[in-house]
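In our numbering, the protein residues as written are 468 to 773. Heads up: the structure comes next, in structure tokens.
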Amino acid sequence: MAIRLAVVGLGKIARDQHLPAIAADGRFELVAAASRSAALDGVANAATLEELLAGGVAFDAVALCTPPQVRHRLARLALEAGKHVMLEKPPGATLGEVEDLRRLAEARGLTLQATWHSRYAPAVEPARAWLADRALRSAHISWKEDVRVWHPGQDWIWEPGGLGVFDPGINAFSIATRILPRPFFLTEATLHTPENRQSPIQAEMAFVDTAGAPITAELDFLQTGPQSWDIEADTTGGRLKLSHGGAKLWIDGVLTHEAPEAEYPGLYDAFAHLIGAGASDVDVSPLRHVADAFLLGRRVAAPAFA
Ligand code: NAP
């Protein structure tokens, strides 16, 4: 029998990625949606998850596609009602919230999936395999996009818990924590925060891995012209560049891997397997790097952003 699914929050990511991925995966049946502003044809609709649960619609799992600030409350509600939960990235507004959810899911025997969609970009696993056989000398992350193009009207991104430039930047950390051969941790960060906003618009970061290899990151929300979602690594056995958010792999300047994008089908495949196995996947390492930046980072005032 298909896993009966409800979606909460019909914003950009729900419409662009979740709904098509669910429709294409026969293991799931979308039966309900909770939205303050919209309704979907052919499913039960309610304004909130509370109303959906109170209405008695039968479903097994829920995908939370809201901003991170409301994720913990919704996830707790769903887990307490006996539902498996898929969390959009980042999995919560704090590490403590996510730990609370992990414990609750475990206690109830339910699946909790903290998703990192960029890890399912097609060249990520080939990059991981290539790096596993080589000694890393250094790595650099360049994640530069125009917030006006990619996040129009998303005021939540500037609020506490919205992460600002770390909203896309955390995708880079989700890839780096997957492909780099050793754990790494933050040593320095500078966070540029517009004087009229709560979250950074640019950040520079320095990390070191457990063998002493330096890793740097430049995150920029004000990039106009060419955008970059790149990770470069220098090793004793050559240079790797993972570009386009993990879609293309270059070794010593030669394109060696490129495949059609299928991140969200990959996430739903993993969700189905986790539910089938009675397991959870809650890796907070990308969020920990962001939390460390807020703990250690030097704050610099930036011009107002409108
Ligand atoms: P969005 O377009 O602003 O949509 C979020 C939706 O969540 C809203 O449309 C709203 O839907 C619902 N919502 C519930 N409570 C809310 C609140 N307090 N404030 C605002 N909205 C609320 O945002 P999004 O781009 O879909 O991003 C949602 C999450 O997905 C974020 O964590 C983001 O990092 C992640 N994500 C986004 C992208 C992307 O390309 N945009 C890619 C990957 C991951 P209703 O009106 O239906 O209730």
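We put the CB at the ideal spot given by N, CA and C, even for glycine. Please read these numbers as outputs of a predicted model, since none were measured by experiment.
- Task: Could you spell out the range, first to last residue, of the alpha helix (DSSP H) harbouring Leu-546?
- Result: Segment 538-547, the alpha helix (DSSP H) holding Leu-546.
- Message: Run through the DSSP bridge pairs and tell me what Leu-709 is partnered with.
- Response: Ile-698 and Leu-716
- Task: Please list, in chain order, all residues of the same chain as Ile-480 whose beta carbon is under 6 Å from its beta carbon, the five residues on each side excluded.
- Result: Excluding residues within five positions, the ones whose Cβ falls inside 6 Å are Cys-532.
- Message: Gly-559 and Arg-538 - do their beta-carbons sit closer together than 7 Å?
- Response: yes
- Where Leu-477 falls, given that 16 or more other Cβ within 10 Å makes a residue buried: buried
- Item | Ser-585: CB within 6 Å of a non-hydrogen atom of the ligand NAP | Checking every heavy atom of the ligand NAP against the Cβ of Ser-585, none is found closer than 6 Å.
- Item | Beta-carbon proximity check, Ala-769 vs Thr-660, cutoff 7 Å | yes
- DSSP three-state call for His-740: helix, strand or coil? helix
- Task: Please name the residue in Thr-702, Ala-530 and Ser-752 whose C-alpha comes closest to that of Leu-546.
- Result: Nearest of Thr-702, Ala-530 and Ser-752 to Leu-546, Cα basis: Ala-530.
- Compute the Euclidean distance between the alpha carbons of Thr-691 and Lys-708, then round it to the nearest angstrom. 22 Å
- Query: Straight-line CA distance for Gly-493 to Gln-484?
  - Reply: 16 Å
- Using the beta-carbon count (16 or more within 10 Å), is Thr-654 buried or exposed? exposed
- Message: In the DSSP assignment, the alpha helix (DSSP H) including Asn-638 goes from what residue to what residue?
- Response: 633-646
- Task: Kindly indicate which three-state DSSP category Glu-612 falls into: helix, strand or coil?
- Result: coil
- DSSP state of Val-751, grouped into three classes? coil
- Message: Any heavy atom of the ligand NAP closer than 6 Å to the beta-carbon of Glu-555?
- Response: yes
- Could you spell out the range, first to last residue, of the alpha helix (DSSP H) harbouring Ala-594? Per DSSP, Ala-594 belongs to the alpha helix (DSSP H) from 591-599.
- Alpha carbon to alpha carbon, what distance is there between Lys-611 and Thr-515? 35 Å
- Message: I'd like to confirm something about Trp-623: is its beta-carbon nearer than 6 Å to some heavy atom of the ligand NAP, or not?
- Response: yes
- Mapping DSSP to helix, strand and coil, what is Ile-682? strand
- Message: Using a 10 Å radius around the Cβ and a threshold of 16 neighbouring Cβ atoms, would you call Asp-527 buried or exposed?
- Response: buried
- Task: May I ask you to report which of helix, strand or coil DSSP gives Asp-508?
- Result: coil
- Check whether the Cβ of Pro-535 lies closer than 6 Å to any heavy atom of the ligand NAP, and answer yes or no. yes
- Query: Within 10 angstroms of its Cβ, does Ser-783 collect 16 or more other Cβ (buried), or is it exposed?
  - Reply: One cannot answer for residue 783 here, as it falls past the ends of the chain, which runs 468 to 773.
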